[in-house]
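S.K.:
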Amino acid sequence: MNNASGKTGEDFAARYLEDMGFQITARNYHSRFGEIDIIAENKEFIVFVEVKTRNKNYEVSPLEAVSLGKQKKIGKTAILYLQSNPSDLQPRFDVIGMTTDAGNRILSIEHIENAFMIKEF
17 MNNASGKTGE
27 DFAARYLEDM
37 GFQITARNYH
47 SRFGEIDIIA
57 ENKEFIVFVE
67 VKTRNKNYEV
77 SPLEAVSLGK
87 QKKIGKTAIL
97 YLQSNPSDLQ
107 PRFDVIGMTT
117 DAGNRILSIE
127 HIENAFMIKE
137 F
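Position one of the sequence shown corresponds to residue 17 (this note's numbering), numbered consecutively onward.
1. What's the call for residue 68, buried or exposed, on a 16-neighbour Cβ count within 10 Å?
2. In the DSSP assignment, the beta strand (DSSP E) including residue 68 goes from what residue to what residue?
3. Pull the bridge partners of residue 106 from the DSSP assignment, please.
4. Rounded to a whole number of angstroms, what is the C-alpha to C-alpha distance between residue 17 and residue 48?
5. Report all residues from its chain with a CB closer than 6 Å to the CB of residue 94; omit the five preceding and five following residues, and keep chain order.
6. Can residue 57 and residue 96 be called in contact, C-beta distance under 8 Å?
7. Since residue 82 and residue 131 are thought to touch, with beta carbons under 8 Å apart, how far apart are those beta carbons, to the nearest angstrom?
8. Note down the Cα distance separating residue 34 from residue 54, rounded to an integer number of angstroms.
9. For residue 27, does the three-state DSSP call read helix, strand or coil?
10. Exposed or buried, what is residue 114 when buried is set at 16 or more other beta-carbons lying within 10 Å of its beta-carbon?
11. So, using beta-carbon positions, are residue 66 and residue 43 closer together than 8 Å?
12. Could you name the residues of the same chain whose beta carbon sits closer than 6 Å to that of residue 88, not counting the 5 residues immediately before and after it, in chain order?
Now the structure itself:
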């Protein structure tokens, strides 16, 4: 993935979440542990979203690219976010994977809700 396709994927994912009734509260939220691509809320959940965009010819699917180590970094970053931005909403960790063609056009999208759990929650 390059920066252009990553930005394309994140922009598309943000619009997709808004269309599903979520309000985007943060994008590219950084902590000393890592980054969360999108943080969104609806009436029930605060969702920490990892977006993975891959070219259709890439051997590893976008969803396979979210390793256990990446999940832990997202979890630690989410904890720091919630310490600064308390919420009564249920935390959820989603992954949105997209496949693009050579021109960075989105060919497919897969949204996995509750893609992983963090034991601190």
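In this text, a Cβ means the ideal position worked out from N, Cα and C, and glycines have one as well.
Remember, it's a predicted structure, so these values are computed and weren't measured experimentally.
M.R.: The relevant details are as follows:
1. Buried, by the Cβ-count rule.
2. Looking at the DSSP string, the run of the beta strand (DSSP E) that includes residue 68 is 61-71.
3. Per DSSP, 61.
4. Interpretation of residue 17 is limited by its pLDDT of 49, a score under 50 that renders its predicted location unreliable; the figure taken from the coordinates is listed afterwards. C-alpha separation (whole angstroms): 23 Å.
5. Taking residue 94 as the centre and dropping the five residues before and after it, the same chain places the C-beta of 64 closer than 6 Å to its C-beta, in chain order.
6. Going by C-beta atoms, residue 57 is not nearer than 8 Å to residue 96.
7. The beta-carbon distance between residue 82 and residue 131, rounded to whole angstroms, is 7 Å. This is short enough to meet the 8 Å contact definition.
8. Spanning the two alpha carbons is a distance of roughly 11 Å.
9. Looking at residue 27 - three-state DSSP - the assignment turns out to be helix.
10. Buried, since its Cβ has 16 or more Cβ neighbours within 10 Å.
11. A distance of 8 Å or more separates the beta carbons of residue 66 and residue 43.
12. Nothing listed; no residue qualifies.
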